[in-house]
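No gaps in the numbering here: position 70 of the sequence shown is 85 in my numbering, and each next residue is one more.
Every residue, glycine too, gets a C-beta built ideally from N, C-alpha and C.
All figures in this text were calculated on a predicted structure; none of them were measured in a lab.
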Amino acid sequence: AALRSGVPTVITPIAFDQFDHAALVMDSGVGIGTRHISKLSATDLASALTRCADGKAVRRKAGALAEKLQREDGPGDAVRAIDAFIVDEVKTGKWRANFESQSRRMKELKSRPPPSCLSWFARMCCSAAPN
16 AALRSGVPTV
26 ITPIAFDQFD
36 HAALVMDSGV
46 GIGTRHISKL
56 SATDLASALT
66 RCADGKAVRR
76 KAGALAEKLQ
86 REDGPGDAVR
96 AIDAFIVDEV
106 KTGKWRANFE
116 SQSRRMKELK
126 SRPPPSCLSW
136 FARMCCSAAP
146 N
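The structure is reproduced here in structure tokens:
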């Protein structure tokens, strides 16, 4: 919401994808991504907030990103993507064929006995594509 409104953002990651979001904000120059919140001092947080509030470059970049985000038609794009999937994949039977093929392959793999403890060594020594 902050980026869509053109306001630089400060991300203090705690878990999961928040670290990626912090890196993206830093890389794009539209905000500050800090270290894990448990390792963040009040001084560090104050500095990040000040840089976002006073930094002309970060405010300009956040404004430019907001204009771009506001021009997007998110719901319309989602509807078009779902419609294309239904028309191109579901109605043609491509999705079902792929699903059934993957299901057969998984069933086949599950029916095999587990590899021996040295099978990785044999693959490394004897296979053209060991991975």
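Contacts around residue i, its chain only, beta-carbon distance under 8 Å, and the 5 residues preceding and following it disregarded
i	result
V105	R111
L60	V25, T27, T49
Segment limits, beta strand (DSSP E) that includes residue i
i	result
G154	Lying outside 16 to 146, the shown extent of the chain, residue 154 is not represented and no answer is given.
Per-residue burial, residue i [other beta carbons within 10 Å of its own, 16 or more giving buried]
i	result
T49	buried
C140	exposed
V94	exposed
L14	There is no way to answer for residue 14, as the model of the chain reaches only from 16 to 146.
V102	exposed
A38	exposed
L67	It should be pointed out that residue 67 corresponds to Cys in this sequence rather than to Leu. Answer is buried; the Cβ neighbour count reaches 16.
L84	exposed
Endpoints, alpha helix (DSSP H) assigned at residue i
i	result
I97	89-100
G78	71-86
V25	Segment 24-26 is the beta strand (DSSP E) holding V25; no alpha helix (DSSP H) there.
L55	Taken as a continuous stretch (DSSP letters only), L55 belongs to no alpha helix (DSSP H), as it is neither H nor E.
S43	33-43
CA nearest to the CA of residue i, picked from the options
i	options	result
G46	L55, F34, K76	K76
G21	R86, A96, S118	R86
A57	T27, K109, F31, D42	T27
T24	L124, S53, S62	S62
G78	Q33, L133, S43, S126	S43
Same chain, Cβ closer than 6 Å to residue i, five either side skipped, listed in chain order
i	result
E115	none
I52	T27, I29
Contacting residues, own chain, Cβ-Cβ under 7 Å from residue i (five flanking each side not counted)
i	result
F136	none
L64	V25
* Unbroken alpha helix (DSSP H) runs of length 4 or more, entirely within the segment 110-144: which are they? -> You should have 134-141.
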